[in-house]
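Peer 1:
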Amino acid sequence: MKLFRSLWTSMPDDEYILRLRRDITFVDRYRFWLVVFQIALLVTVIWVFSGIIPVLLRIAQPANAPAVFMGFIAGTALGLAFGGMIYGILHGLSSALGGLRAERLLIKLLDTLSADELEIQDDGDQDYDDIKEPQDQTW
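Whatever position you read off the sequence shown (first residue = 1), add 4 for our numbering.
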């Protein structure tokens, strides 16, 4: 089903490499602002979560005992939502600080391979008569 295929599997390699180069230059250019934004998001989520805790404690009064199950479900949902947000923020922060090392290594490897291919193509008129044939070695 084409609807559920991810973008990187349907994208040609050259276009994917160009997209990686653009992403790396974007992160390099706006690294400071990305870090500031991620830290601001982290502080905001922690502030909102610390504000929700007293509200949840006021709801958990003895008179509200029949609604304990609903409170448990709401607390679990809030915990998962805030946990996911904090995970996403920390992942973005580590990516901004880490500098996309794997992508840089991939670009460096592909540049090296393409340079080697160009050298091989330039040396295409090499005379192969002086190359010695490998001798059969028996042990």
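Note that CB positions come from ideal geometry on N, CA and C, so glycine has one too. The model shown is predicted, which means the values in this text are computed figures rather than measured ones.
#1: Give the range of the alpha helix (DSSP H) segment to which residue 88 is assigned.
#2: Which term fits residue 100, buried or exposed, when burial requires 16 or more other beta carbons within 10 angstroms of its beta carbon?
#3: Considering residue 16, what are the terminal residues of the alpha helix (DSSP H) in which it resides?
#4: I need the straight-line Cα distance from residue 14 to residue 23, nearest angstrom please.
#5: Measure the C-alpha to C-alpha separation of residue 119 and residue 30 and round it to an integer number of angstroms.
#6: Mapping the DSSP letters down to three states, classify residue 5 as helix, strand or coil.
Peer 2: Once the coordinates are examined:
#1: The sequence position of residue 88 within the sequence shown is 84, counting from 1. Segment 72-102, the alpha helix (DSSP H) holding residue 88.
#2: Against the sequence shown, residue 100 aligns to sequence position 96. Its Cβ being crowded by 16 or more others within 10 Å, residue 100 is buried.
#3: Translated into positions along the sequence shown, residue 16 becomes position 12. Counting along the chain, residue 16 falls outside any alpha helix (DSSP H), and DSSP gives it neither H nor E.
#4: Here residue 14 refers to the residue found at position 10 of the sequence shown. Here residue 23 refers to the residue found at position 19 of the sequence shown. So the alpha carbons of these two residues sit roughly 14 Å apart.
#5: As a position in the sequence shown, residue 119 is number 115, starting the count at 1. As a position in the sequence shown, residue 30 is number 26, starting the count at 1. Approximately 25 Å between the Cα atoms of the pair.
#6: Walking along the sequence shown from the start, residue 5 turns up at place 1. Residue placement at residue 5 is flagged as unreliable, the pLDDT there being 44, under the threshold of 50; the coordinate-derived value follows with that caveat. Correct three-state label for residue 5: coil.
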